[in-house]
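> For the sequence shown, the residue numbers in the numbering used here are 442 to 563. The C-beta atom is built at its ideal place from N, Cα and C for all residues, glycine as well.
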Amino acid sequence: MTQYFVTPKKDSRKKRWEKVYGRTTLPIKYPKPHLACTQRWGETAVYYLDTTAVPEALLDRLASFEARRAGISYHEARMNVRREWLIPAEGCRVEKRAYLPANQNWQPAFPFLQQVQFRPAH
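#1: Starting from GLU459, follow the alpha helix (DSSP H) in both directions and report where the run begins and ends.
#2: If I'm right that PRO468 touches VAL487 with Cβ under 8 Å, what's the distance once you round it to whole angstroms?
#3: Tell me, to the nearest whole angstrom, how far the beta carbon of VAL535 is from that of VAL461; I am working on the premise that it is less than 8 Å.
#4: Closest to TYR515 by C-alpha separation, out of PRO529, TYR445, HIS475 and LEU500, would be which residue?
#5: Residues in the same chain with beta-carbon distance under 8 Å from VAL522, minus the five sequence neighbours each way, listed in chain order, please.
#6: Quick check on the DSSP output: the beta strand (DSSP E) that includes ARG538 runs from which residue to which?
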């Protein structure tokens, strides 16, 4: 499975991303930018942040930024951020990486079932 990441090209933008996101590489949902009409940037090409691949703490941080910027409640901003977060495509570079889950070991849902003896079917 592949995952796509976006990084800024300019150093000034890297510093801003480090300040806002706490990192300079962000996972995105789709490899190509989408044309979106946003209130903040107008009609522009954007990448969608993969909100399933970033830590909860980052989403909470983005929600606090969004709540302050839009003047809405933190809870409402948190729901909006979890739905989608747009990154302007201008000045960004896309990287493709093989996706490896952080934890290869999976935990069975019911560990005790491994000890249950199966009865032969009649």
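Based on what the coordinates show:
#1: Its alpha helix (DSSP H) spans residues 452-461.
#2: Between VAL487 and PRO468 the Cβ distance is about 15 Å, and since that is not below 8 Å, they are no contact.
#3: Contact doesn't hold; Cβ gap of about 19 Å is too wide.
#4: Here the closest residue by C-alpha is LEU500.
#5: For VAL522, same chain residues with a beta-carbon under 8 Å away, outside a window of 5 residues either side, are THR492, LEU500, LEU503, ALA504 and GLU507 in chain order.
#6: Start and end: 533-539.
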